């Protein structure tokens, strides 16, 4: 028998098909519309992917959030959730300047092992400033500025991400409460203000490398990220094994330890 979520997905597909001809929009909640759902096989296993559109300006422009799921989260409490913002440079190009790609892979692994689980993927490159501005900020970082000062030198905010689509999507899925995979206290506060019930925080820490350790230190010291074990300064030539040893959530082989998410810390 089809679940309520599956019935809503079918209804959304049928409505979206007809909407393509008459211009009508089927909004699940204010500013967010459901588009379609599909099963996606990957190297890490199978996921359900739900596609949405989201607008904060009356549909003059919109983004396309996606929801990556394992299991059926409808009606569930304490659902593992990662709210992940796009990072073209690391996720597509393999950049070593940040930890974004590693965090995404860690979350995808975790929800395969702890079902039901959700990753909501948002098009908010560079903490919301966009890809072109992010590259401009990188150019300033080459001259010695950190990630915060580079944004400010360009007249850009430290962080301008917007998360109202997340609360709408969770309501659409029927999720009652979540365990949020994040190192960012701001993200917890914003989601709670939007009505998301966050039961606990699951640390999402990946091993540092010589090219991103100063970036991680900046996030901890200047953006209040909770990076357990991160030192305030680290020399680039510091022994990598010693550096990784500061991060208790990775094993001795440098592979992600799924148990890294089990220690709640609010």
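In full-length UniProt numbering, the protein residues as written are 1 to 266.
The beta carbon of each residue, even a glycine, is placed where N, CA and C say it ideally should be.
Keep in mind that this is a model prediction, so the values were computed, not measured.
DSSP-derived helix/strand/coil call for residue i
i	result
residue 269	What the structure shows of the chain is the stretch from 1 to 266, and residue 269 is not part of that stretch, so it cannot be assessed.
residue 111	helix
residue 45	strand
residue 102	helix
residue 92	coil
residue 205	coil
residue 179	strand
residue 125	coil
residue 161	coil
residue 153	helix
residue 56	coil
residue 147	helix
residue 199	strand
residue 40	strand
residue 51	strand
residue 28	strand
residue 226	coil
residue 219	helix
residue 97	coil
residue 75	coil
CB of residue i within 8 Å of CB of residue j, strictly
i	j	result
residue 178	residue 79	yes
residue 52	residue 70	no
residue 195	residue 167	yes
residue 129	residue 151	yes
residue 193	residue 85	no
residue 205	residue 184	no
residue 290	residue 227	This structure cannot speak to residue 290, because the chain is shown only from 1 to 266.
residue 91	residue 174	no
residue 96	residue 209	yes
residue 269	residue 83	Because the chain is modelled from 1 through 266, residue 269 falls outside the range shown and cannot be assessed.
residue 267	residue 88	Given that the chain is displayed from residue 1 to residue 266, the structure contains no residue 267 and the question cannot be resolved.
residue 34	residue 48	no
Limits of the beta strand (DSSP E) - the one that residue i falls within
i	result
residue 82	79 to 85
Span of the alpha helix (DSSP H), counted from its first residue to its last, around residue i
i	result
residue 138	131 to 141
residue 166	164 to 173
Beta-bridge pairing of residue i - partner residues as DSSP gives them
i	result
residue 118	69, 81
residue 63	54
residue 33	27, 53
Is there contact here, the region 113 to 129 with the region 51 to 66, by at least three beta-carbon pairs under 8 Å?
Short answer: they touch.
Tell me whether the region 147 to 160 and the region 109 to 118 touch, counting them as touching only if at least three CB pairs, one residue from each stretch, are closer than 8 Å.
The answer is no - the region 109 to 118 does not touch the region 147 to 160, with fewer than three Cβ pairs under 8 Å.
Any contact between the region 161 to 180 and the region 194 to 206? By contact I mean 3 or more CB pairs, one from each, below 8 Å.
Yes, they touch.
Three CB pairs or more closer than 8 Å across the region 102 to 114 and the region 33 to 46
Using a C-beta cut-off of 8 Å, the region 102 to 114 makes contact with the region 33 to 46, since at least three inter-stretch Cβ pairs fall below that distance.
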